[in-house]
Structures are given as C-alpha cells and as structure tokens.
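Chemist: One structure coming up, written as structure tokens, with questions to follow.
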Amino acid sequence: MNDFETEPFYKRRPKVPIWRRSCALVVDVIPVWLLSLLVGKNLIIILLIWIGLRVLLVSYNQGQSLGRWAFDMKVIDERRGRSPGFVELAKREGLTGLGVSLAIIGVTSLSPIAAQYMLLVLPLAVDCGVAYFDELKQQTFHDRLAGTVVVPTRRGYSLDLKIKKWFAQLRRFVKQ
Numbered sequence: 014m015n016d017f018e019t020e021p022f023y024k025r026r027p028k029v030p031i032w033r034r035s036c037a038l039v040v041d042v043i044p045v046w047l048l049s050l051l052v053g054k055n056l057i058i059i060l061l062i063w064i065g066l067r068v069l070l071v072s073y074n075q076g077q078s079l080g081r082w083a084f085d086m087k088v089i090d091e092r093r094g095r096s097p098g099f100v101e102l103a104k105r106e107g108l109t110g111l112g113v114s115l116a117i118i119g120v121t122s123l124s125p126i127a128a129q130y131m132l133l134v135l136p137l138a139v140d141c142g143v144a145y146f147d148e149l150k151q152q153t154f155h156d157r158l159a160g161t162v163v164v165p166t167r168r169g170y171s172l173d174l175k176i177k178k179w180f181a182q183l184r185r186f187v188k189q
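Just so we're aligned: 79 in this note's numbering is position 66 of the sequence shown, and the numbers increase by one with no gaps anywhere.
Quick look at the structure:
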C-alpha cells in the first residue's frame, strides 16, 4: 500500500480558505434574511427557512448550497468522501441555523439604545471560529458534530475569481 491510500481523507483534499467559506456563508444568509423580513423575524421561521435552503437544497444539489456553489465548494462526509446524508446535514445545519437565526435577530434588532443584541452574534462566531484554530482540518464545530468537511470543487460559479477579475479591470480602467 502506498502513502496515499493510508493517509486520512482530509489530508488528501485541499482545504478551502476560511475567507471563502465566510463569503459563502454570507451569500447563504442573505436570502434567509430577506425572506425573514417578509415573513417576520421569528426564531422558528428563520430556522425553518435555513433548514430548507441548507438541508433540502444541499441534499439534492450534490452537497452545494447557493453560497457554496457561488464559491466552488461542497460539503462531504468525512469518512466516505461523498455528499453527506440527510441526518448529517440536519445535525450540521441545525446548529448553524440556530447561530444564524440568533445573529439575524441580533443584527436586525440593533439600535443605539439596544446594543446588547449584538451578543446574539456570539454563538455563530464561536461555532465558526473553531475552524480558525484547527490548522489541520479547518473544521467548524458543526462540521465536527456532523462528521463533515468542506472541500473545493470544480462545479460552481467561481464568484471570487470573477470579482478579482472585475477589480483588476477596474484598476486598469482607472489608471488610464
């Protein structure tokens, strides 16, 4: 047996930079936030919208949500190396959805006299901040709980590359 077959799966796959994962999360939060503005900022409603977009959509879309598709990445099962099952996605996104729901309520309730609502962003920051300190796998807490990992893929829109290209063109235009 060679080293490639014996080393763990997460060492064989390149890691997705944390800034790209953060951008994908923001892209996924925007439709949830907009829908919650229409329906109402209720924790249960926001969580149900999140589960719909991040569990149902992802289970039918080869491990990609809208944000992950935009930034060329997908979620896979850490042990099997393919798209996670419905239960794993529900565990993963239930925890993330709770953090996102609290963050949306906190940010939309923010006012000069009610700054304490910013504390509702902390659960999401702690959950995602775990990946910053995990140099080997870069797994968030919800990834560890569900046994998943985020990996790059060729299937997607490559939004980050397109934005870099637009800025380069803008710089050339401004210099002329």
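No residue lacks a Cβ here, since even glycine has one placed at the ideal position from N, Cα and C.
Predicted, not measured: the structure shown is a model, and the values here were computed from it.
So Trp-63 packs on Ser-114, CB below 8 Å; how close in whole Å?
Modeler: The sequence position of residue 63 within the sequence shown is 50, counting from 1. The sequence position of residue 114 within the sequence shown is 101, counting from 1. Sure, about 7 Å apart at Cβ, within 8 Å.
Chemist: Run the CB neighbour count on Arg-33, radius 10 Å, all protein chains shown included, and call it buried at 16 or more, exposed below.
Modeler: Looking up residue 33 in the sequence shown gives position 20. The residue is buried, with at least 16 neighbouring Cβ atoms inside 10 Å.
Chemist: Considering only the beta carbon of each residue, do Gly-112 and Leu-132 sit closer than 8 Å?
Modeler: To locate residue 112, count along the sequence shown from 1; it is residue 99. To locate residue 132, count along the sequence shown from 1; it is residue 119. Cβ atoms of Gly-112 and Leu-132: not closer than 8 Å.
Chemist: Do Glu-101 and Thr-166 come within 8 Å of each other at the CB atom, strictly closer than that value?
Modeler: Within the sequence shown, residue 166 is the residue found at index 153, counting from 1. Within the sequence shown, residue 101 is the residue found at index 88, counting from 1. Cβ atoms of Thr-166 and Glu-101: not closer than 8 Å.
Chemist: In angstroms with no decimal places, state the Cα-to-Cα distance between Tyr-73 and Tyr-130.
Modeler: One-based indexing of the sequence shown puts residue 73 at position 60. One-based indexing of the sequence shown puts residue 130 at position 117. Going from the Cα of Tyr-73 to the Cα of Tyr-130 covers about 35 Å.
Chemist: Which of the three DSSP states is assigned to Ile-126 in this structure?
Modeler: Position 113 of the sequence shown, counted from the first residue, corresponds to residue 126. Correct three-state label for Ile-126: coil.
Chemist: Helix or strand or just coil, what does DSSP make of Val-164?
Modeler: Taking the sequence shown and counting its residues from 1, the one referred to as residue 164 is at position 151. In this structure, Val-164 counts as strand in the three-state DSSP scheme.
Chemist: When burial is assigned at 16 or more other CB atoms within 10 Å of the CB, is Pro-125 buried or exposed?
Modeler: Residue numbering aside, residue 125 sits at position 112 when the sequence shown is read from its first letter. Exposed, since its Cβ has fewer than 16 Cβ neighbours within 10 Å.
Chemist: Please name the residue, chosen from Ala-103, Gln-189, Glu-148 and Arg-67, that lies closest to Val-29 on a Cα-to-Cα basis.
Modeler: By 1-based counting over the sequence shown, the position of residue 29 is 16. Val-29 has its Cα closest to that of Glu-148, out of Ala-103, Gln-189, Glu-148 and Arg-67.
Chemist: If we count Cβ pairs, one from each stretch, closer than 8 Å, do we get three or more for the stretch 132 to 147 versus the stretch 84 to 94?
Modeler: Result no; under three Cβ-Cβ pairs closer than 8 Å.
Chemist: For Trp-46, I'd like the list of residues in its chain whose CB is within less than 6 Å of its CB, leaving aside the five on either flank, ordered along the chain.
Modeler: Here residue 46 is taken as the residue at index 33 of the sequence shown, counted from 1. Excluding positions up to five away in sequence, the list reads Ile-117.
Chemist: From Leu-158 to Ala-127, what does the alpha carbon distance come to, in whole angstroms?
Modeler: Here the question's residue 158 lines up with position 145 in the sequence shown. Here the question's residue 127 lines up with position 114 in the sequence shown. So the alpha carbons of these two residues sit roughly 33 Å apart.
Chemist: Please state the DSSP three-state secondary structure of Val-88.
Modeler: Counting from 1 along the sequence shown, the entry for residue 88 is found at position 75. If DSSP states are grouped into helix, strand and coil, Val-88 belongs with the strands.
Chemist: So the alpha helix (DSSP H) Leu-69 belongs to, where does it begin and stop?
Modeler: The residue labelled residue 69 in the question sits at position 56 within the sequence shown. Premise fails: Leu-69 is in no alpha helix (DSSP H) and is neither H nor E.
Chemist: Nearest-angstrom Cα distance between Leu-135 and Val-143?
Modeler: By 1-based counting over the sequence shown, the position of residue 135 is 122. By 1-based counting over the sequence shown, the position of residue 143 is 130. Rounded to whole angstroms, Leu-135 to Val-143 spans 12 Å at the Cα level.
Chemist: Let's test the definition: count the other Cβ atoms within 10 Å of the Cβ of Ala-83 and tell me whether it reaches 16, buried, or not, exposed.
Modeler: On the sequence shown, residue 83 is found 70 positions in, with the first residue counted as 1. Buried, because 16 or more other Cβ atoms sit within 10 Å of the Cβ of Ala-83.
Chemist: Tell me the rounded alpha-carbon separation between Arg-184 and Leu-79.
Modeler: By one-based count along the sequence shown, residue 184 stands at place 171. By one-based count along the sequence shown, residue 79 stands at place 66. Each residue's Cα considered, the two are about 29 Å apart.
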